[in-house]
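Peer 1:
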Amino acid sequence: MEDNYAFIDSQNLNLSVQELGWRLDFAKFRTYLQDKFRVTKAYLFIGFIPGNQKLYDYLQKVGYTLIFKPTVKAKGGAKGNVDAELVLHTMIQYDNYDKAVIVTGDGDFYCLVEHLLANRKFKALVVPNKHNYSSLFRGFREHINFLNWERRKLGAGKK
C-alpha cells in the first residue's frame, strides 16, 4: 500500500475555492485526500495569526499537520507566503513518503512538481479552481485533479 503525503498551499486552496462561490470543509477534504490519493499525512502550510487558535486546533483535530509561516500586514489583511516552506518540507520529508500530492494552482511550484515527476515521487496535483490556475501546469494535465465539481462532496454548510 502506498504511503503518500499531501503538501497543501492553504491560502491558494481557500481563496480559489471561495472564488468558485463556496467554502471548503477541511475535514471532508482530509478524507477526500485519504480516499482518493491514499494520503497518510497532510501538511497544511498556513500563515500564523494569533487570534486563530481555534481554527488551528480544529485543523489539527481533523488530521492536518500544520506548518506555520509568520504573517505580515498587507492590503486586505495578513499575508503569509508559504511557498518556500512547502517546497522545503516536501524535500525534508522526501524519503518518508512514496508519492507526493501537491495542492495548489500557483505556478511557483512548477519546478517542484517537475522534480517529483521526474523522480517518480509524484502522485497528483490538486488544483482548486480550473478557471484560475497557472498556465505552467498545463503540461501536467493528466496529473491534475480539479475541485470545481466537488462542491457537494467537499463544501461546508452555511454558518
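Using this note's numbering, the letters of the sequence shown correspond one by one to residues -12 to 146. Heads up, the beta-carbon is just placed ideally off N, CA and C, and yes, glycines get one too.
Leaving aside the five residues before and after glutamine 95 along the sequence, list all residues of the same chain whose C-beta is less than 7 Å from its C-beta, in chain order.
Peer 2: In the sequence under discussion, the amino acid at residue 95 is aspartate, which differs from the glutamine named in the question. Only Asp70 meet the Cβ criterion.
Peer 1: Provide the residue(s) that pair with asparagine -9 in DSSP beta bridges, ordered along the chain.
Peer 2: In the DSSP output, where bridge partners are listed per residue, asparagine -9 has Val26.
Peer 1: In this structure, how does DSSP classify aspartate -4 when only helix, strand and coil are distinguished?
Peer 2: It is a strand residue.
Peer 1: Start and end of the alpha helix (DSSP H) containing threonine 77?
Peer 2: Start and end: 70 to 79.
Peer 1: Near threonine 52, which residues of its chain fall below 8 Å by C-beta distance, leaving aside the five closest residues on each side in sequence?
Peer 2: Excluding positions up to five away in sequence, the list reads Lys28, Ala29, Tyr30, Leu31.
Peer 1: Which residue from Asn83, Asp85, Lys60, Phe55 puts its Cα closest to that of glutamate 72?
Peer 2: When only C-alpha atoms are compared, the closest one is Phe55.
Peer 1: Can you give me the start and stop residues for the alpha helix (DSSP H) that tyrosine 51 sits inside?
Peer 2: Per DSSP, tyrosine 51 belongs to no alpha helix (DSSP H); it is in the beta strand (DSSP E), 51 to 57.
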